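Residue numbers (the working numbering): 168 to 514.
Positions of the beta carbon are idealized from the N, C-alpha and C atoms, including for glycine.
For clarity, every value in this text was computed on a predicted model and none was experimentally measured.
Okay, so here's the structure we're looking at.
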């Protein structure tokens, strides 16, 4: 049976979602779109290549009997109520990050999903980079020995051309100041609770250990935002391992292409981009490389959507569900508390 999917939200990120759903056309199809802007919904229909049913209010979509699952990409402050509503309507749901904005909201979602018995998946697409998956495999197999430190990064400012004019060095920073993302009440924070979610869940996935402490520094360097455009955090894990997080809308990351993660361990060092994994054992001067040609940001959406379909068809909990999304949120909320208190926060 083909899964009938409703797209909740039609903003910019849903371009990648629609492209992802197209790769599983034999298993699922988008049959409806809900968005307060009919113009935005029509733009997604044009991308899909056919007319689908339009809803102005997602609640009306959830009441429809011809919807099996929903793919939700709404502003942050709407995440909790929409996920709970989907569960109460008996719909399987995949939701963009962040999971929600507080631990109280996380508990509401957990209770609703458990009661409904539906599949919920946190859309943590960057787990599906093959470099991240292979690194996790190597860690679990013990290839690296004891893990000492994991760095996880997501810095999205583009590099500008070589010039003596330093104002051009970093190219264009992301424009967020004129959107809902510059409203702390709707956003739930600044860059950290948005793009910073990616390196946080990546770190937790690779670590596979319980985090026990977090300390953080936030900065607003280049964007006219009310809150941070850049976040740095240190996380201590139960076995003494260190996690180091950096995420930014205003600054570029190290490496070309940007490095996503690095693992420092007893047997050597492992680091990766979106399509190349590097492994440098102790005593070796040059790293070995594993290439994954054709892998980019958009392809991770196709991979996560296929996994969501698999979970629904097989009735199993997806790679990241309520628990993993809540664990990620705890780190981020702890980092904000650390900045506010100017102290290390126990998780």
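Buried is the label assigned to residue 466, since at least 16 other Cβ atoms lie within 10 Å of its Cβ. Proximity to residue 199 across 184, 171, 180 peaks at 171, based on C-alpha coordinates. Put simply, the backbone Cα of residue 398 is about 45 Å away from that of residue 168. Assignment of beta-bridge partners to residue 430 by DSSP yields 317, 437. Residue pairing from DSSP places residue 289 in a beta bridge opposite 262. The C-alpha of residue 350 lies about 18 Å from the C-alpha of residue 499. For the pair residue 491 and residue 221, the Cα-to-Cα distance works out to about 32 Å. When 504, 487, 485, 470 are compared, the shortest CA-CA separation from residue 191 is found for 470. Looking only at 289, 244, 392, 297, the smallest Cα-Cα distance to residue 263 is reached by 289.
In the DSSP assignment, residue 451 falls outside any beta strand (DSSP E) and carries neither an H nor an E. Annotation for residue 409: 316 place their beta carbon closer than 6 Å to its own, counting only its chain and skipping 5 residues before and after. Counting only the Cα atoms, residue 396 lies some 7 Å from residue 388. With a beta-carbon spacing of about 7 Å, residue 385 and residue 359 fall inside the 8 Å limit used to define contacts. Remark: C-beta atoms of residue 176 and residue 202 approach each other more closely than 8 Å.
Residue 171 carries a strand assignment under DSSP once its states are collapsed to helix, strand and coil. Collapsing the DSSP output to three states places residue 460 in coil. Taking the CA atoms as reference points, residue 421 sits about 31 Å from residue 185. If you draw a straight line from the Cα of residue 178 to the Cα of residue 293, it is about 19 Å long. Residues of the same chain with a CB within less than 8 Å of the CB of residue 484, apart from the 5 flanking positions on each side, are 286, 478 in chain order.
In this structure, residue 448 sits away from residue 429, with a CB-CB distance that is not shorter than 8 Å.
With contacts defined by Cβ atoms closer than 8 Å, residue 257 and residue 283 form a contacting pair. In the displayed model, residue 177 falls within coil according to three-state DSSP, outside both helix and strand.
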